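Its first residue numbered 3, the sequence shown is counted upward by one per residue in this note's numbering.
C-beta atoms are modelled at their ideal positions from N, C-alpha and C, and glycine is treated no differently.
As the structure is a prediction and not an experimental result, all values here were calculated from the model.
Structure first, commentary second.
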Amino acid sequence: MKPRILISRSPETKGLCEVAVEKAGGEPISQHCPDPEQDFDALILAGGGDMDPSEFFEKDIGSYDIDIPRDKAELALIRRCVAENKPILGICRGHQVVNIAFGGNIYQDLNPQLIEVHAQTKDGENRFHSIRIRGMTMLGNLYGEEMIVNSSHHQANRKLGQGFYAVAWDSVGVIEAMQHGTLPIWTVQFHPEQMTGEHGEPNGQKIFDFFLEQCRKQLG
Numbered sequence: 003m004k005p006r007i008l009i010s011r012s013p014e015t016k017g018l019c020e021v022a023v024e025k026a027g028g029e030p031i032s033q034h035c036p037d038p039e040q041d042f043d044a045l046i047l048a049g050g051g052d053m054d055p056s057e058f059f060e061k062d063i064g065s066y067d068i069d070i071p072r073d074k075a076e077l078a079l080i081r082r083c084v085a086e087n088k089p090i091l092g093i094c095r096g097h098q099v100v101n102i103a104f105g106g107n108i109y110q111d112l113n114p115q116l117i118e119v120h121a122q123t124k125d126g127e128n129r130f131h132s133i134r135i136r137g138m139t140m141l142g143n144l145y146g147e148e149m150i151v152n153s154s155h156h157q158a159n160r161k162l163g164q165g166f167y168a169v170a171w172d173s174v175g176v177i178e179a180m181q182h183g184t185l186p187i188w189t190v191q192f193h194p195e196q197m198t199g200e201h202g203e204p205n206g207q208k209i210f211d212f213f214l215e216q217c218r219k220q221l222g
């Protein structure tokens with residue numbers, strides 16, 4: 003029986019995460035503002051707009067494209083996954099939502115020099131840059147000490163949530179990935195579903211393959 007992977011996404015985005023889950027042997031359930039009470043085995047929090055800064059007790063100082071119903075749905079989904087030990091994979095926005103759910107916070111708007119490296123180009127294309135990776139972690143085991151990743155964001159995790167530790171950084175210290183010390187939760191700031199190796203970056207499918215393997219272990 004295929005693990006049922008709930009993908010929480012923006013209303014306008016659908017396709018790449020779903021394909022990656024299918025390739026890894028899972029059954030994707032892709033929705034905007036999913037019902038937290040529905041039947042699923044694991045959760046992927048996909049990319050999208052910014053989170054409401056009030057969720058981490060700050061005023062809006064650079065956030066945009068806020069989707070409050072999605073914020074509420076995803077926070078409820080995370081609470082359920084933690085209570086039931088369901089695996090979570092956070093991608094880009096999901097990397098930040100998970101961090102906030104565990105009491106962390108974010109930089110609402112990276113400074114102009116960092117934006118040049120991390121935000122999309124004026125043509126809406128991803129940028130690419132190198133990250134260094136901590137050993138004996140999900141990313142370290144899959145890719146080694148360094149890898150090229152894509153980049154399409156203007157926010158980043160600052161203080162990490164309870165139980166998390168950083169596992170990858172860019173050249174100036176922006177946290178590019180984290181994982182939980184005891185729970186089956188892994189997050190990345192980049193977009194592995196868009197990484198095909200065509201631009202010199204490794205194949206991001208490995209991350210989905212790893213995640214589905216962990217899901218199968220949880221299901222027994």
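Item	Value
Separation of residue 177 from residue 153, as counted between CA atoms	12 Å
Beta bridge counterpart(s) of residue 190 as assigned by DSSP	93 and 179
Cβ contact (3+ pairs, closer than 8 Å) linking the region 98 to 106 and the region 136 to 149	no
Check whether residue 32 and residue 68 have beta carbons under 8 Å apart	no
Residues that residue 11 bridges to, as DSSP identifies them	According to DSSP, residue 11 bridges with nothing at all.
Same chain, Cβ closer than 6 Å to residue 95, neighbours up to 5 away in sequence not counted	49 and 50
For residue 145, the residue or residues it bridges with in DSSP	Looking at the DSSP assignment, residue 145 forms no beta bridge with any residue, so it has no partner.
Three-state secondary structure (DSSP) of residue 70	helix
Residue 90 beta carbon less than 8 Å from that of residue 47	yes
Residue 13 versus residue 222: straight-line alpha-carbon distance, rounded	33 Å
Residue(s) in a DSSP beta bridge with residue 103	BP columns for residue 103 are empty, so no partner.
Unbroken alpha helix (DSSP H) run spanning residue 169, endpoints	Note, residue 169: premise wrong, no alpha helix (DSSP H); beta strand (DSSP E) at 166 to 171.
Counterpart residues of residue 207 in DSSP-defined beta bridges	Bridge partners of residue 207: none, in fact.
First through last residue of the beta strand (DSSP E) which encompasses residue 29	29 to 33
Identified DSSP bridge partners for residue 132	150
Proximity below 8 Å, CB of residue 22 to CB of residue 210	yes
DSSP three-state assignment for residue 112, whether helix, strand or coil	coil
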